[in-house]
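Going down the list, the protein sequences come from chains A, B and C.
Letter 234 of the first sequence, counting from 1, is numbered 234 in my numbering, and no numbers are missing.
Letter 213 of the second sequence, counting from 1, is numbered 213 in my numbering, and no numbers are missing.
Letter 109 of the third sequence, counting from 1, is numbered 109 in my numbering, and no numbers are missing.
Where is the CB? At the ideal position from N, CA and C, for every residue including glycine.
Structure, as structure tokens:
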Amino acid sequence: MNLTPLLEAHWINAILPELVLCIGGMFLILFDAFAPKARSLTGPIAVVIFILCAWSQRFVAVGTFFGGTYEVGGITRVFDITFVLAGILCTLLSADYLEREGITGGEFYALLMWGTVGMMMMAKGLDLLIIILGLELLSICIFVLLGFQRRLPVSNEASLKYFLMGAFATGFILYGTALFYGATESTNINVMARWFANPDVTITPLLTVAFVLLMAGFGFKLALAPFHPWAPDVYQGAPTPVAGWLSVAPKAATLIALIRIFHAMGPVLPQTKWMTIVAWLAVLSMIIGNSVAIAQRDLKRMLAYSGIAQVGYMTIAMLTINEDAVASIAIYTIVYALMNLGAFGVISMLAKNQNDPQTLDDIAGLGWRRPFHALALAVCMFSLSGLPPTGGFVSKFYIFRTAVQSGHTGIALIGIITSIASVYYYLRVVYYLYMKESAEGQTRIDGGIFATGALAISIIGIFLIGIWPTPLFHAASYAAHLLLAR
Amino acid sequence: MNPWMLYLVWPLIKFLIAFVIVQVIVAAMNWIERRVLGLIQARLGPNRVGPWGLLQIVADPIKFLLKEDIVPSSAEKIAYFLGPMLPLVPAFIVFCLIPFGPPPTFAVTHTNVGLLLILALTSTGVYGIILGGWASNNKYSLMGGLRSAAQMVSYEVPFGLSIVGVLMLCGSLDLVHIINYQAHHVWNVFPQLIAAFIFFVSMNAENNRTPFDLPEAESELVAGYHTEYSAMKFAFFMLAEYSAMLVNCCLMVSLFLGGWTLAIGGYGLTTATLKSMGFMGGLLGTVIFVVKVMTFMMIYIWFRATFPRFRFDQLMDLGWKWMIPLALINIFVTGIVVLAAPEMIINGSVVPVGETILAVAGAATVALTLFLIMKPRAHAPKVIHASRVSEA
Amino acid sequence: MEQLTASMPLIVFVMIGTVAVASSILVVAMRNPVHSALFLLLTFLCVAVLFVMQKAEFVGAVQVLVYAGGIMVLFLFVVMLINVRHLPDERVLSNFWKGGFLVGLAVFALFVTMVRPGVYHDENPNKSKLSTVRDRVAINSTKNPGRLGHKRITRHNVNSEAVANALYTDYLVPFEVASLFLLVAMIGAIVIGKRELSAVEEETAPDYMLARVETEREIKEAMSA
């Protein structure tokens, strides 16, 4: 038997975090099946597994693996941490939420973990095949997580809507990929980059169609403006912690995948109008997201539209791929994960029939009843609107500065103006929290120790990044430098 | 040579010869099965037509041809006609892919994914049963067809998985290569005992033979999917079933019992030895092959006479909870052994350590499994009482 | 004769291709689900033949094994279980057929013009597509004598081995994740589809299952209390 080394050395270290999460998810399912009495432990075990995954990042080998289809580097570590952070926050919030809603099941956390594996693959894949497979793994987990409250019609609606839209989006992405493969004769991003770097390359209409299809598909997944209509309904119907997770983590994964693809296309972008398409998507997202959010009274719908706008801001930075752009997107996703999951976390504690909308009236006067939870929501809202000294200010500032430096002043200006408009609806929440009298039959806030812990994490994180962002900046810039230096 | 001769005429001639031999065997099997069943069950079996009833082989086809061909008025015509035809085609094509003797003379074709193609073709055999059952527009037939579909799909998995271990040992999908490998090492049935066991069980299930004959369980479903078929159409079903049995026996012999060779560790009648004997050697190899195959056909009959039929849930339990996990474990262990303990050279002679380990472990596992399966259940499932159902 | 031999692949391609396209249209056109399924089967088989003609025997065999042998049987199984003999007769074309037809035509025209002729045509089938497939063989290292190094050799393209090499080296991660993907889909289907036992089922269910149901109920009551 010829035992020739077929794989790169340390390949197992390259996929260590994914392995931890995969096996952890399977363990949780089996634990749930064979120890049904110890079900209340599944949540804490899930958190431990996520922490193990974060810890395993220490042993990760850096480099390209599997014949150049899998790249592990600084930037993937930053994004891995974002995914794990989102996973931990969502798990902590769900532990109490699921108990209150009478949902049992280690499947919930297992699906969360496997979804995280999919996102990690999207972040690390140097091959469009891996990116698509990761995306699909993630999508299937999301379908199920959205429909987890099977008794609730809204939950079913959310799941079905995301399923139909997601299937369409995947179709677009696959079609675009097939056309790219036809044009560049490879699905490997590095090979594609070499093809695009060839000075003789002509931009055929085929490539433009491929790009449009790809952007349409990823636009669906990101909830960018013309492809956004699923977002509010899905967020509204989903179990609230899942909605928070969905609004954060998959977007981060899609963004890093897009960054890789755009970077590969870098040499030909100046001679095409492709980035104009992306710019229009960003502008539309910011305008539509922010203006429609003003009209919302349902908190989850409002956050959905705000999420559309936030993705618009991040897309501005992607118009020109350079170190600052990548670093600013990485920082923005981390901060966004903290603040959006914090906001959804407070909403998830509203103990009422989950089939009814959670409106502004439910949180009226909360500041005087539950000071800590109200404070958490207020901080998240301040951060989302981008007011100092929160992390939201820092990241938003960085994004707009990057855009201006790359010469996209006009779009950055639109971003800033819409961002100012958004202050209205974010602060309206704070107004309801502290200035409104609580109505009769007020909604109870039901937060256990885990959920409160999650809120504490997000508040501390927001302020930490807002006040002392330098280490994160350095780490992100260095990681971005490594990514783009190839 | 003219490419037309090489690629069309010669294969066709070889195929026709193989086809005729197979048909004779299938027709003879009918007589053999009835005689042997009679022997086992202490009765006579067909003994009127010709000496020992041998002419029954001729009488049956004549009867099938002359009988009235009934088509139920409510049957779905196209599917009803397609039903008996569909399983015949793959069953015949597969014989092109099986090497009966040392190639190239005694094998019709030779492809490097032969085994995979055979699996692919045999897996399409189920369509006839499903279609026939559905098109007859008869509840019993439909039940038979449905059971067959579920059974085939369930047992296709262990059927395919059990072969993987053999592939890992031999490192090829080519049946000729696998047979030569066995001649130079040891019959695969020893290191791959678990695989052989699983293969044999799933082969029985794939062919709807007792104890897995639920699709045509006489006492429950009249005759299952072929209740509404008569005359030649019914004969087609029988033909396809026996051809499929023959194919599976050929596979079993090629994969686990050294095919046309009769050698161990390179000593004995290997392919090279047979080839050196010229055409007669090839013929000898074919005879060895046919004898091995017929042995397994006898085991089929022996099973039919011996075992009672499974209940449907038992059938599914056996497939999903025993055969598939066992097959997976077999693959896992084989992989480890092949990688970790390859052949060792002790005192100058090659000792197949890995294969020995596999053989011992396999024997132990099969024994344990048989023990666990045969052990009477502590809690028999409750029986639904009719009155309770009506209350509910 | 020579000409006929040379153009044989083309003739077979045209024949099989025509059958494939025609039967795929009939899949949609048939009103009887079983007939549709049968035509789908025919399409799969034709596509398998096309694969074999492109010297991809492995893919062809797997196509038959998986699609014809596995998936279509399940399709038929479900169709028969529901026992739909004939779909109700309705108009085949909806009110929007003109618009739909135009859009379809436009997209078709778009792709016909966009796909530059020869984009998907490769002089050496499989070679460049599977060029990432290469073997590493252990040799005596030239740099440090006495130790093993390895070099890469491109190897003779045997079909199943080429596929296996690609799957277990370069595409190991997607290959393994595809299995995780199936696991997730299965668990997801169970999560979405499972239900509580009815009265009759409780009568017939085995004891261990009833015990589980009982514990679950206890847990739920404890949680709601």
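When the beta-carbon positions are compared, alanine 317 of chain A and alanine 325 of chain A come within less than 8 Å of each other. The Cβ of valine 12 of chain C sits no closer than 8 Å to any Cβ of chain B. Judged by pairs of C-beta atoms under 8 Å, the region 21 to 31 of chain C does not touch the region 74 to 83 of chain B, as fewer than three such pairs exist.
If you ignore the 5 residues before and after phenylalanine 106 of chain B, its C-beta comes within less than 6 Å of the C-beta of Phe100, Gly282, Thr286, all in its own chain and listed in chain order. Leucine 319 of chain A and glutamine 271 of chain A have their C-alpha atoms roughly 14 Å apart.
Isoleucine 130 of chain B belongs to the set of residues whose beta carbon lies under 8 Å from a beta carbon in chain C. Following the DSSP letters along the chain, one finds phenylalanine 65 of chain A inside the beta strand (DSSP E) bounded by residues 63 to 65. Taking the Cα positions, leucine 455 of chain A is about 33 Å away from proline 226 of chain A.
With a contact defined as Cβ atoms closer than 8 Å, glutamine 358 of chain A and leucine 299 of chain A qualify at about 5 Å. Within the region 202 to 230 of chain B, not one residue has a Cβ closer than 9 Å to any Cβ of chain C.
Sequence-distant partners of leucine 145 of chain A (beyond 5 residues in either direction) whose C-beta falls short of 6 Å from its own C-beta, in its chain, are Leu111, Val242. For alanine 210 of chain A, the closest alpha carbon among the candidates A:Ile277, A:Gly466, A:Ala158, A:Leu41 is that of A:Ile277. For serine 36 of chain C, the nearest beta carbon of chain B is not closer than 8 Å to its own beta carbon. If you draw a 10 Å sphere on the C-beta of aspartate 69 of chain B, you find fewer than 16 other C-beta atoms in it, and that means exposed. No Cβ-Cβ contact shorter than 8 Å links cysteine 46 of chain C with alanine 68 of chain C. For valine 72 of chain A, the enclosing beta strand (DSSP E) covers residues 70 to 72.
According to DSSP, threonine 359 of chain A shares a beta bridge with A:Asp298.
DSSP, read as helix, strand or coil, puts asparagine 188 of chain A in strand. Here the region 222 to 241 of chain A lies against the region 304 to 311 of chain A, with 3 or more beta-carbon pairs under 8 Å apart. If you look at isoleucine 192 of chain C, you'll find it in the alpha helix (DSSP H) that goes 172 to 193. By the C-beta criterion, the region 220 to 237 of chain B is judged to be in contact with the region 131 to 140 of chain B, since at least 3 inter-stretch pairs fall below 8 Å. Going by DSSP, alanine 183 of chain B is part of the alpha helix (DSSP H) stretching over 175 to 184. Taking 8 Å as the cut-off, the Cβ atoms of valine 346 of chain A and histidine 373 of chain A count as close.
Restricted to the region 366 to 394 of chain A, the alpha helix (DSSP H) segments that are unbroken, complete and at least 4 residues in length are 366 to 369, 371 to 385, listed in chain order.
Straight-line measurement puts the Cα of leucine 183 of chain C at about 47 Å from the Cα of glycine 407 of chain A.
Burial of methionine 339 of chain A is indicated by the presence of at least 16 other C-beta atoms within 10 angstroms of its C-beta. The beta-carbon of methionine 80 of chain C is placed less than 8 Å from the nearest beta-carbon of chain B.
Taking C-alpha positions only, histidine 35 of chain C is separated from arginine 217 of chain C by approximately 46 Å.
The DSSP-derived three-state label of alanine 75 of chain B is coil. Isoleucine 51 of chain A sits exposed, since fewer than 16 C-beta atoms from the chains shown fall within 10 Å of its C-beta. For the region 108 to 191 of chain A, the full-length alpha helix (DSSP H) segments reaching 4 residues or more read 128 to 146, 153 to 184 along the chain. For the set A:Gly115, A:Ile467, A:Ser419, the Cα lying nearest the Cα of isoleucine 294 of chain A is the one of A:Ser419. Taking a contact to require three or more Cβ pairs closer than 8 Å, the region 254 to 264 of chain B and the region 161 to 178 of chain B qualify as touching. Contact of glutamate 176 of chain C with chain B is not assigned, every C-beta pair being separated by 8 Å or more. Bridge partners of glycine 268 of chain B according to DSSP: B:Ala263. Residues of the region 62 to 83 of chain A with a C-beta atom less than 7 Å from some C-beta of chain C are Phe66, Gly67, Thr69, Tyr70, listed in chain order.
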